[in-house]
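In this note's numbering, the protein residues as written are -19 to 303. Using N, Cα and C, we set each Cβ at its ideal position, and we do this for glycine too. Computed from a prediction, not measured in an experiment: that's the story for all the values here.
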């Protein structure tokens, strides 16, 4: 452990030492060049300095300062790119790196920073995988309880109400029928929530049937669906990510977009799989909420790239999965 810390400290000092040596050499060469110019040139300086000699001294000083500024600036320029990346870096948007070519003495620093981002993204992806796996397991548990316990209890209540309605007097029958309809609606809602929590159709019938069923759950929206029939064989993890991102996108459209129509497509082109959800709502996403960030985390699990573009005419969610 101590050896690793010492090695890390030495590695951190190397770019600083190299940059210090470079600046020392630059300034040393400039001062040497200025000294040789004074020695070898016919120009002389009197004591005290005469007015006619001031332009020569000023020009020489400006040349030395200008050359020093250009050389030092070129050596420190990569640090500006590094600082800019530090400000905009987001672990949910993988792959944002600085080129390590042409960075001179700060190459080691850039390489170390890129390696740190690789390590952080890998750790974030691994922790997200564990969290999402636990989330899916919890969803399945809740769905089973809703279906097996609450659903069955409501079914028993519904059957009991039916027998009561058959034996009830006429003046109470209308009220009991209203209660019966309320219980039936509640049972349907419980079953719908259970289906959303655990998409059994995805495991039983596949992704295409699951997307078809999902499109029918948003009755207030007109969902135009295009799904290629010759999709490549997908792993269960990829299918689940595609389904969950489509589900979250449609849910966001129904809740927030104020849209009347949405296009849902899943196509395989040019060696990649593309899921796209586009609506005609009001758009204008100011900041990404938990839903979109959750979609980005799911995309990272399968090495996919998620883009969300929002305009006043609607929002476009696009997930690109390399085959």
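| Asked | Found |
| --- | --- |
| Coarse secondary structure for residue 95, derived from DSSP in three states | helix |
| Chain-order list of residues whose beta-carbon lies under 8 Å from that of residue 354 (same chain, five-residue window excluded) | Because residue 354 is not part of the residues shown, which for the chain are -19 to 303, the question remains open. |
| Buried versus exposed, by CB contacts within 10 Å (16 or more), residue 294 | buried |
| Inter-residue CB distance, residue 298 and residue 262 (contact presumed, cutoff 8 Å) | Their Cβ separation, rounded to whole angstroms, is 19 Å, which puts residue 298 and residue 262 out of contact at 8 Å. |
| C-alpha distance - residue 94 paired with residue 280, whole-angstrom precision | 18 Å |
| Residue 200 and residue 234 closer than 8 Å at C-beta | yes |
| At least three beta-carbon pairs within less than 8 Å, the stretch 153 to 169 to the stretch 137 to 145 | yes |
| Within 8 Å, strictly: CB atoms of residue 191 and residue 205 | yes |
| Which listed residue (271, 241, 275) has its alpha carbon closest to that of residue 222 | 275 |
| Close beta carbons around residue 271, own chain, < 8 Å, minus the five adjacent residues each side | 228, 231, 232 |
| Neighbour-count burial assignment, residue 38, 16 or more Cβ in a 10 Å radius | exposed |
| Of the residues 247, 136, 109, the one placed nearest residue 278, counting alpha carbons only | 109 |
| 8 Å Cβ cutoff met for residue 247 and residue 208 | yes |
| Local conformation of residue 244 per DSSP, three classes | strand |
| Per-residue DSSP class, three states only, for residue 79 | coil |
| Best match in 300, 296, 291 for proximity to residue 282 [C-alpha to C-alpha] | 300 |
| Beta-carbon contacts of residue 167 that lie in its chain and below 6 Å, excluding the five residues immediately before and after | 134 |
| Between the CA atoms of residue 113 and residue 105 - distance to the nearest angstrom | 12 Å |
| Collapsed DSSP secondary structure at residue 232 in the structure displayed | helix |
| Own chain residues within Cβ distance below 6 Å of residue 123, not counting five before or after | 174, 177, 178 |
| Residues that DSSP places opposite residue 286 in a beta bridge | 299 |
| Option nearest residue 115 by Cα separation, candidates 224, 98, 237 | 224 |
| Limits of the unbroken beta strand (DSSP E) element including residue 253 | 252 to 259 |
| Residue from 172, 218, 184, 7 with nearest C-alpha to residue 196 | 172 |
| Endpoints, alpha helix (DSSP H) assigned at residue 164 | 150 to 177 |
| Run of the alpha helix (DSSP H) containing residue 143, from where it starts to where it stops | 131 to 147 |
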